[in-house]
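What follows is a set of notes on a single structure, which appears directly below.
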Amino acid sequence: MRATFKAKVTAAGLILALMTTMLTGCRFGFASDPDDPNEEEEVIPIDTSVDTFEYDSSLEGTSITLLNSKAEIQVALGEMGAAFEEKSGVHVEVMPVTDGDSPYTKVVSLYNSGNPPTMSILDTTDVIALAEEKAADLTEEEWTNEAEEYLTEVNGKVYSFPLCIEGRGIIYNKAVIEEALGEAFEPESVTTLGEFEELLDKLVDAGIEKPVSVAKEDWSLGAHHLQYIYETYDGTSEGAQEVIEKIKKGNLDLASYDRLSEFLDMFDVLKKYNVAKGDPLGADYDEMAIDLADGKTAFWFNGNWAWPNLAEAGAENEDEYGFLPYFLNNDGEDFANQQIQGSPSKQVMIDGQIASEKEQAAAKEFLNWIVYSEIGQQMLVKTCNVIPPFTNNPYEPADPLSRDIYEKVQEGRAFNASAIVPNDHWAVLGAAMQKYLAERSDRKELTESIQEYWDEQE
Amino acid sequence: MKTKNNAKDFGMFALPGLFCFLAVVIVPFVYGVYLTLTDWNGVSKVKNFIGFKNFAGVVRDGQFWTSLLLTFKYVIVVVVLVNVFAFAIAWLLTRGMKGQNFFRAGFFTPNLIGGIVLGYIWQFVFSRVFVSIGESTGWKLFEVSWLSDPTNAFIALVVVSVWQLSGYMILIYVAGFMGLSEDVLEAASIDGASGFVKLKSIIMPLMMSSVTICLFLTLSRAFMVYDVNLSLTAGAPYGTTEMAAMHVYEKAFTSRQFGVGQSEALILFIIVACISGLQVYFTKKQEVEA
Chain A
1 MRATFKAKVT
11 AAGLILALMT
21 TMLTGCRFGF
31 ASDPDDPNEE
41 EEVIPIDTSV
51 DTFEYDSSLE
61 GTSITLLNSK
71 AEIQVALGEM
81 GAAFEEKSGV
91 HVEVMPVTDG
101 DSPYTKVVSL
111 YNSGNPPTMS
121 ILDTTDVIAL
131 AEEKAADLTE
141 EEWTNEAEEY
151 LTEVNGKVYS
161 FPLCIEGRGI
171 IYNKAVIEEA
181 LGEAFEPESV
191 TTLGEFEELL
201 DKLVDAGIEK
211 PVSVAKEDWS
221 LGAHHLQYIY
231 ETYDGTSEGA
241 QEVIEKIKKG
251 NLDLASYDRL
261 SEFLDMFDVL
271 KKYNVAKGDP
281 LGADYDEMAI
291 DLADGKTAFW
301 FNGNWAWPNL
311 AEAGAENEDE
321 YGFLPYFLNN
331 DGEDFANQQI
341 QGSPSKQVMI
351 DGQIASEKEQ
361 AAAKEFLNWI
371 VYSEIGQQML
381 VKTCNVIPPF
391 TNNPYEPADP
401 LSRDIYEKVQ
411 EGRAFNASAI
421 VPNDHWAVLG
431 AAMQKYLAER
441 SDRKELTESI
451 QEYWDEQE
Chain B
1 MKTKNNAKDF
11 GMFALPGLFC
21 FLAVVIVPFV
31 YGVYLTLTDW
41 NGVSKVKNFI
51 GFKNFAGVVR
61 DGQFWTSLLL
71 TFKYVIVVVV
81 LVNVFAFAIA
91 WLLTRGMKGQ
101 NFFRAGFFTP
111 NLIGGIVLGY
121 IWQFVFSRVF
131 VSIGESTGWK
141 LFEVSWLSDP
151 TNAFIALVVV
161 SVWQLSGYMI
171 LIYVAGFMGL
181 SEDVLEAASI
191 DGASGFVKLK
201 SIIMPLMMSS
211 VTICLFLTLS
221 RAFMVYDVNL
231 SLTAGAPYGT
241 TEMAAMHVYE
251 KAFTSRQFGV
261 GQSEALILFI
271 IVACISGLQV
281 YFTKKQEVEA
């Protein structure tokens, strides 16, 4: 009896030890980041001495909720809420959408349980899906004047507040390119697909065997790559909508649509120089950030949201990273070869169905505070580290990717077009793109998949 | 007097359970069936009755049938492998070998790790560990990540599922083996039964009750697989490993075709219920008393 008990304890202990090593083992394996636990997070100070914003004292004591689907600013939003509460007396509770949950599913389930958040941060497609049914009309809000170009309208009305601009393109690591080539690199000097290919060839000759990283994730391939075919139609959201309608109705033959073939020309170039060419669907996202920061590659197709990954991989705010356009052809005058895409991505919607008048007023005040108060302006840029769509905000983002987009937006070298596509576009056509990336389908099959997808939409 | 007591007992012991069962299983189920007949999108205030239009949508959804076929393939392979493997291991672990308690616990451990975590651990193994083994040894098999090839990704799913499910089945089979009467086996030996004959004519019939429950559990779990599917492959590469349950979720929440997704879920339920019902009926018939 005693012996079996002892054996059991030993066995249990061993299993526990095994499990712990296994779990911790995988933790280290996955993290693969050179994070120094002793390194202190740099806190950017917010100057709160000046505040000319007028608070509505009748709202004091109101409590509102904010559903956040932008995980990387969860902590920052909490700080913003606290700062706002201190000044206005309105309590803002920031709720995260947990990893793996879709923001839309979350917000819909909250609505169905009769307890929706006062404000929700959602993607544009989600806002459009919910706007007329659930959202408060924000057309008359003052801030609409500060972000005119970046407003999303549903049947002529504004239901959402653009929180930030996000942009995408070919991220370059300037230092790596200059070191490899032994000469200064001017990103502006590359203006066509041909010149981009030339640059890649030079880098290959200089020893960077495969200078490009292409993520295999379906959201990257299906949304960020493929949507160029709609967005570069004429570089506006209306144009993107127009071309989608044409494809849907069958008025545009995809096989002879020049933007699609041009897009695939560029994609083929990226594919050819892909660092994971041997196994493109086995590519690891975290590794791509490390490769770019370490100089194993020089380019990574992604957007400014990739900065936290790069920073984790060792990139510093002072390093020179930036975006090249997604070159489509050899016409130096084509706007697609000169400009990168940048448009509002996350939007705040206020509940107009269940929230009381007072709660709605408090939520509106919070949004106004972000746009007009000195503290809100600073915190949006410095604490949340996003690119503000509001022209009256004088602060500049700190990380090089956001800064690059910010500058390009200011200089008119970014086009604001976002295609509004059905929610499963990225998943369904992302899979088709993966197949093409892995060379298990050709242009014809991919084109057919796109056409088929649109044919199925009502 | 007696009936009054019965009613009181029923009220005390069965009602709370019955209420919970009704509230979380029966009512949502019936409501779900009702939703398949409406055009509700999960958000709108009005639900219009549209008859069987959603089911017509299911018929048109080719991807659903592909994923259902894949699920059948997966279920067959997993059910067979899990049960053969678990049966064999359980047999080995009831022969009084040294450290068998340790091994029993060891085989059971994967079952204690949630499917999501398990999927991520194995994803790391398949796409990192295997690849680095391939790099250092040059073995063709490990050259690229298993998860980037449709066939290998399917095998990967099967391997992980078998690894996860076996532990629990081993436990049930071990219990079954422990319950085998030594007398019967000894009598068979004296009568001159060889190992295989003993297995076929004595052990198997007596183990049938364990087989019934193990088959039922593996069948239903394999049909409903979602967590491992999601965290290991998420349907990758290019949607070729998307099982039925995952497709249903994607249809309802990613494609936002709530009605069609709900109808597909109902069809999946009917298939699983029929198959597991038939299985229990037929294996039950094989059961004997010692």
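In the order they appear, the protein sequences are chains A and B. Residue 458, in the working numbering, is where the first sequence stops; the numbers in between run on with no holes. Residue 290, in the working numbering, is where the second sequence stops; the numbers in between run on with no holes. No residue lacks a Cβ here, since even glycine has one placed at the ideal position from N, Cα and C.
What is the DSSP secondary structure of residue i, reduced to helix, strand or coil?
i, result
"residue 274 of chain A", "strand"
"residue 347 of chain A", "strand"
"residue 36 of chain A", "Note on residue 36 of chain A: pLDDT 47, under 50, position unreliable in the model; the coordinate value appears next. Coil at residue 36 of chain A, not helix or strand."
"residue 302 of chain A", "strand"
"residue 68 of chain A", "strand"
"residue 335 of chain A", "helix"
"residue 157 of chain A", "strand"
"residue 135 of chain B", "helix"
"residue 441 of chain A", "coil"
"residue 93 of chain A", "strand"
"residue 390 of chain A", "coil"
"residue 31 of chain A", "Interpretation of residue 31 of chain A is limited by its pLDDT of 34, a score under 50 that renders its predicted location unreliable; no figure is taken from the coordinates."
"residue 162 of chain A", "strand"
"residue 21 of chain A", "At residue 21 of chain A, the pLDDT of 43 sits below 50, so the modelled position is not reliable; the number obtained from the coordinates is stated separately. Three-state result, residue 21 of chain A: helix."
Examine chain A for any beta-carbon lying closer than 8 angstroms to the beta-carbon of residue i, and answer yes or no.
i, result
"residue 212 of chain B", "no"
"residue 254 of chain B", "yes"
"residue 67 of chain B", "no"
"residue 265 of chain B", "no"
"residue 43 of chain B", "yes"
"residue 237 of chain B", "yes"
"residue 135 of chain B", "no"
"residue 148 of chain B", "yes"
"residue 131 of chain B", "yes"
"residue 127 of chain B", "yes"
"residue 287 of chain B", "no"
Using a cut-off of 9 angstroms between C-beta atoms, extract the partners of residue i located in chain A.
i, result
"residue 244 of chain B", "None at all; the shortest Cβ gap to chain A is about 16 angstroms."
"residue 166 of chain B", "Those do not exist, as residue 166 of chain B stays about 16 angstroms from chain A at its closest Cβ, beyond 9 angstroms."
Counting only beta-carbon atoms, is residue i nearer than 8 angstroms to chain B?
i, result
"residue 105 of chain A", "yes"
"residue 498 of chain A", "The question about residue 498 of chain A has no answer, for chain A in this structure spans 1 to 458."
"residue 115 of chain A", "no"
"residue 39 of chain A", "At residue 39 of chain A the pLDDT is 46, less than 50, meaning the model places this residue with poor confidence; the figure from the coordinates comes in the next sentence. No, its Cβ sits nowhere closer than 8 angstroms to a Cβ of chain B."
"residue 284 of chain A", "yes"
"residue 432 of chain A", "yes"
"residue 455 of chain A", "no"
"residue 424 of chain A", "yes"
"residue 133 of chain A", "yes"
"residue 438 of chain A", "yes"
"residue 272 of chain A", "no"
Could you tell me which chain B residues have their CB closer than 9 angstroms to the CB of residue i, listed as they occur along the chain?
i, result
"residue 278 of chain A", "143 and 144"
In this structure, what does DSSP give as the bridge partners for residue i?
i, result
"residue 324 of chain A", "A:170"
"residue 122 of chain A", "A:347"
"residue 193 of chain B", "Residue 193 of chain B pairs with nothing; no bridge assigned."
"residue 342 of chain A", "A:167"
"residue 38 of chain B", "B:49"
"residue 63 of chain A", "A:91"
"residue 415 of chain A", "A:341"
Closer than 8 angstroms by beta-carbon distance: list the chain A residues that pair up with residue i, in chain order.
i, result
"residue 84 of chain B", "Ordered by position in chain A, no residue passes the 8 angstroms Cβ test against residue 84 of chain B, which lies about 25 angstroms from the chain."
"residue 250 of chain B", "424 and 427"
Find the residues of chain B that neighbour residue i, judging by a C-beta separation of less than 8 angstroms, and give them in chain order.
i, result
"residue 111 of chain A", "43"
"residue 102 of chain A", "253 and 254"
"residue 435 of chain A", "237 and 238"
Give me the chain B residues within the contact set of residue i, using Cβ-Cβ distance strictly less than 7 angstroms, ordered along the chain.
i, result
"residue 108 of chain A", "42 and 43"
"residue 264 of chain A", "Correct list: empty, because the minimum Cβ distance to chain B is about 17 angstroms."
The region 111-118 of chain B in contact with the region 223-232 of chain B per 3-pair CB rule at 8 angstroms: yes
Touching by the beta-carbon criterion (3+ pairs, under 8 angstroms), the region 76-89 of chain A and the region 364-372 of chain A: yes
Three-pair Cβ contact test at 8 angstroms for the region 254-270 of chain B versus the region 39-56 of chain B: yes
Contact between the region 259-275 of chain B and the region 1-21 of chain B (3+ Cβ pairs under 8 angstroms): no
The region 322-332 of chain A contacting the region 189-198 of chain A, beta-carbon criterion three pairs below 8 angstroms: yes
Meets three-Cβ-pair contact criterion under 8 angstroms: the region 163-177 of chain B and the region 78-95 of chain B: yes
The region 132-152 of chain B touching the region 177-186 of chain B, judged by at least three CB pairs closer than 8 angstroms: no
The region 138-150 of chain A touching the region 106-117 of chain A, judged by at least three CB pairs closer than 8 angstroms: no
Contact between the region 237-247 of chain B and the region 151-164 of chain B (3+ Cβ pairs under 8 angstroms): yes
Contact the region 292-311 of chain A vs the region 168-177 of chain A: 3+ CB pairs below 8 angstroms: yes
Stretch-stretch touch, CB-based, cutoff 8 angstroms, three pairs: the region 386-393 of chain A with the region 148-167 of chain A: yes
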